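Q: Take a look at this one; I'll ask things after.
2 protein chains.
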Amino acid sequence: MSAPLLLADWGTTSRRAWLVDARGKVIASAQDRRGMTTVEPGGWEAAFGELKGLLGDAEPRLSLLAGMVGSRSGWREAHYLACPVSLSDLVDELCWVEPGAIAIVPGICILREGFADVMRGEETQVLGAVAAGLVPRDCFVCLPGTHTKWIEVREGQVVQFRTVMTGELFAMLQTSGTLATQASGLVDAGPDFDAGVDRGLESGSPTADIFAVRAHALLDTGRIGNGAAYLSGLLIGADLRTGLAIGAHPTVEIIGRSDLAALYSHALARAGRKGRTIEGGMAAVSGLKHLAELAE
Amino acid sequence: MSAPLLLADWGTTSRRAWLVDARGKVIASAQDRRGMTTVEPGGWEAAFGELKGLLGDAEPRLSLLAGMVGSRSGWREAHYLACPVSLSDLVDELCWVEPGAIAIVPGICILREGFADVMRGEETQVLGAVAAGLVPRDCFVCLPGTHTKWIEVREGQVVQFRTVMTGELFAMLQTSGTLATQASGLVDAGPDFDAGVDRGLESGSPTADIFAVRAHALLDTGRIGNGAAYLSGLLIGADLRTGLAIGAHPTVEIIGRSDLAALYSHALARAGRKGRTIEGGMAAVSGLKHLAELAE
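Chains V and A, in that order, are what the protein sequence lines are.
Here the first sequence stands for residues 0 to 295, where the numbers follow numbering that gives the first Met the number 0.
Here the second sequence stands for residues 0 to 295, where the numbers follow numbering that gives the first Met the number 0.
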């Protein structure tokens, strides 16, 4: 029986990896906080060795890595391909660290007059979800997170996308500055979240609207009970306002962590759309597996 | 000859104070970083004593303080008055720390169904500028800064206003997170600033647009030479987009620091408006002086 595949989604702050046997079955998996930012220059081979160790002692026949591992500050730079991009385009442009043995998946970009955007890692999840039949070949996808991605897929190709820095801004505002006192709590999808979402969807002024968290507290209005939920709702509402502008699809496929997916799904309902959730790891494994098949 | 007035604009992180003689002439002034956040609970009298010391050894006949010194975390809470508010409304609601001797100017608020906003300190500058004839009794004012304020004045009253967290967000994004590497430089009103302003004015998606700073760098497009200027322009453009929505006036009175005023004035020109700058200290002294006259 042939050696397994090693597949990894290696991001900025964490990584996930899977060992997949010849029949496509996951036989081991691992996850840790050893993201790109923790790897010293020159330390990538060792960090990859550790990752192999986490999955047991099998020597993989092929290792395929997606995510920030392929950025300029990663192991080896895998260039950004311009949209539209299919799974086979990604295979054609794999960046081989060790020919035939270890490859990194390229990112995707959009570059037009006055507009630029990039992704790295999400392309593998989205096209993987398409390849596995988890989402249709024509669909609209949201990957919520530090940098939320909204992605339009047509005939199995990523044709356009947009990044919104929702998670990063939320984390910054929660941990320091004027709003931190009111917004440091846990987010739930209650009435404060809803009020924030509605405001974010309608307003187009998030850099002003967020101040409401502070103003209501100073005025003791009692109208925002959970400042974290209101702030999260506001930023997610603004996120949807931007993302939904590029896709008119009634259903949005949400690929990601279940807690975030639930908040986005809830917010999408307020925008008159339906959210359907696909677990991110499953999408990533599928994408990497299909890429490996095409590469071999 | 009677004792002088002590007037102070005592904010979150710094304070400015003036000693004004019986003829209304400034005879001493001081400025330091002893803002509200540096004063321990119970330490306000001592901090005020220091301030008096900075201005010489004259015992003022009346001390009038505006700004965050009147907030819940300040010396004594001076409540927020609901718009519309005139100078004489502020006098009627002065918060006397020491009757007849030391008073704090109240803030202003707006509280409507689904909307709340507050200011503290800016009301004194704006109404002071009106009282001194530095701006018309009907005008539209911008006070750029950590929390930019856009204020509509009608017949010498503040009738409505809006806060935008431009300076705070810019500082956060410059010092940490994904954009910091590209946006840590100095801002100038060059082509990158202009491009940011135009985008901010037109888009309504600042939480997405800011990612352009990162995307252009990763793609080596060379189109954003000064990331700090682009980011600043983008946030100021979004600020204008929000602020100008509440005032159709062709001229905007900018009260503030000359460097910020220059950037806002430049950005306003791109939005088809004219900015006219009034120095913030002059406006504050005028406001406090007029308040003192009415209070005596």
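Every residue, glycine too, gets a C-beta built ideally from N, C-alpha and C.
Note that the structure is predicted; figures quoted are calculated from it, not measured.
Between C108 of chain V and chain A, is any beta-carbon pair separated by less than 8 Å?
A: Taking Cβ atoms only, chain A reaches closer than 8 Å to C108 of chain V, which makes this a yes.
Q: What's the C-alpha gap between A188 of chain V and G166 of chain A?
A: Distance between the alpha carbons of A188 of chain V and G166 of chain A: 30 Å.
Q: Does P190 of chain V get closer than 8 Å to chain A when you measure Cβ to Cβ?
A: Closer than 8 Å: no.
Q: Within 10 Å of its beta-carbon, does R111 of chain A have 16 or more other beta-carbons around it, so buried, or fewer, so exposed?
A: That one is exposed.
Q: Grab me the residues of Q173 of chain V's own chain with a C-beta within less than 8 Å of its C-beta, minus the 5 sequence neighbours each way, in chain order.
A: Result list for Q173 of chain V: A179, A182, S183, A227 and L230, in chain order.
Q: With H, G and I counted as helix, E and B as strand and the rest as coil, what does DSSP make of I223 of chain A?
A: Coil at I223 of chain A, not helix or strand.
Q: Quick one: complete alpha helix (DSSP H) runs, 4+ long, within the segment 210-277 of chain A?
A: Within the segment 210-277 of chain A, the complete alpha helix (DSSP H) runs of at least 4 residues are 211-217, 226-242 and 257-269.
Q: Note down the Cα distance separating D20 of chain A from I26 of chain A, rounded to an integer number of angstroms.
A: C-alpha separation (whole angstroms): 6 Å.
Q: Report, in whole angstroms, the separation of the C-beta atoms of Q159 of chain A and I103 of chain A, which I expect to be a contact under 8 Å.
A: At roughly 24 Å, the Cβ-Cβ gap does not stay under 8 Å, so Q159 of chain A and I103 of chain A are not in contact.
Q: Is the beta carbon of A270 of chain A sitting closer than 8 Å to the one on L243 of chain A?
A: Contact: yes.
Q: Please report how far the alpha carbon of I245 of chain A lies from the alpha carbon of E151 of chain A, in whole angstroms.
A: Roughly 8 Å separates the two Cα atoms.
Q: Under 8 Å Cβ-Cβ, which residues of chain A neighbour E167 of chain V?
A: Those are G176 and T177, listed as they occur along chain A.
Q: With a Cβ-Cβ cutoff of 8 Å, do D191 of chain A and G224 of chain A count as a contact?
A: Closer than 8 Å, so yes.
Q: What did DSSP end up calling A27 of chain V once you bin it into helix, strand or coil?
A: Residue state, collapsed to three classes: strand.
Q: Taking C-beta pairs closer than 8 Å, name the residues in chain V that I209 of chain A reaches, listed in chain order.
A: Correct list: M164.
Q: Excluding the five sequence neighbours on either side, which residues of its own chain have a C-beta within less than 6 Å of the C-beta of A131 of chain A, listed in chain order?
A: Same-chain partners within the cutoff: S285.
Q: In chain A, what lies closer than 8 Å to D116 of chain V by C-beta?
A: What D116 of chain V touches in chain A: F210, A211 and A214.
Q: Check whether the segment 0-18 of chain A and the segment 40-58 of chain A touch, using three or more Cβ-Cβ pairs below 8 Å as the test.
A: In short, these stretches touch, since the Cβ pair count reaches three.
Q: Using the Cβ count rule (16 or more neighbours within 10 Å means buried), how would you classify A100 of chain A?
A: Looking at its Cβ environment, which holds fewer than 16 other Cβ atoms inside 10 Å, A100 of chain A is exposed.
Q: Closest to G69 of chain V by C-alpha separation, out of V:R33, V:D8, V:P135 and V:E154, would be which residue?
A: For G69 of chain V, the nearest C-alpha among the options comes from V:D8.
Q: Evaluate E201 of chain V with the Cβ neighbour count: other Cβ atoms within 10 Å of its Cβ, from every protein chain shown; 16 or more gives buried, anything less gives exposed.
A: Under this definition E201 of chain V is an exposed residue.
Q: Can you check the segment 128-181 of chain A for any beta strand (DSSP E) of at least 3 residues that lies completely inside it and give the ranges in chain order?
A: Taking only runs of at least 3 residues, the beta strand (DSSP E) segments lying wholly in the segment 128-181 of chain A are 138-142, 147-153 and 156-163.
Q: Taking the Cβ atom as the reference point for each residue, do E292 of chain V and V134 of chain V lie within a distance shorter than 8 Å?
A: No; because the gap between Cβ atoms is not below 8 Å, this pair is not in contact.
Q: Taking Cβ positions only, does G34 of chain V come closer than 8 Å to chain A?
A: Not one chain A Cβ lies under 8 Å of G34 of chain V.
Q: Is the Cβ of P249 of chain V closer than 8 Å to any Cβ of chain A?
A: Chain A contact via Cβ: absent.
Q: If you draw a straight line from the alpha carbon of V125 of chain V to that of K148 of chain V, how long is it in whole angstroms?
A: Straight-line Cα distance between these residues: approximately 10 Å.
Q: So what does DSSP say about R198 of chain A, is it helix, strand or coil?
A: The answer is helix: DSSP assigns R198 of chain A an H, G or I state.
Q: Find the residues of chain A that neighbour P205 of chain V, judging by a C-beta separation of less than 7 Å, and give them in chain order.
A: Result: P205 and T206.
Q: Please name the residue in V:G23, V:S13, V:G10 and V:T11 whose C-alpha comes closest to that of L4 of chain V.
A: Comparing Cα-Cα distances from L4 of chain V to each of V:G23, V:S13, V:G10 and V:T11, the minimum goes to V:G23.
Q: List the residues of chain D whose Cβ lies closer than 9 Å to the Cβ of M171 of chain A, in chain order.
A: Looking at the structure shown, chain D is missing, and the protein chains on hand are V and A.
Q: Check for me: the alpha helix (DSSP H) holding S87 of chain V runs from which residue to which?
A: Its alpha helix (DSSP H) spans residues L86 to D91.
Q: Return the residue from the list V:V90, V:G106, V:W74 and V:L6 that minimises the CA-CA distance to L80 of chain V.
A: Among V:V90, V:G106, V:W74 and V:L6, the Cα nearest to that of L80 of chain V belongs to V:G106.
Q: Is the beta carbon of G66 of chain A less than 8 Å from the beta carbon of L142 of chain A?
A: Against a cut-off of 8 Å, the Cβ pair of L142 of chain A and G66 of chain A comes out as no contact.
Q: If I measure Cβ to Cβ from D88 of chain A and keep anything under 7 Å in the same chain, skipping five residues before and after, which residues do I get?
A: For D88 of chain A, where only same-chain residues beyond five positions count, the Cβ hits under 7 Å are L80.
Q: Going along chain V, which residues have a C-beta under 7 Å from R161 of chain A?
A: Chain V residues near R161 of chain A: A207.
Q: Taking the C-alpha atoms as reference points, what is the distance between R75 of chain V and M118 of chain A?
A: The alpha-carbon atoms of R75 of chain V and M118 of chain A are separated by roughly 51 Å.
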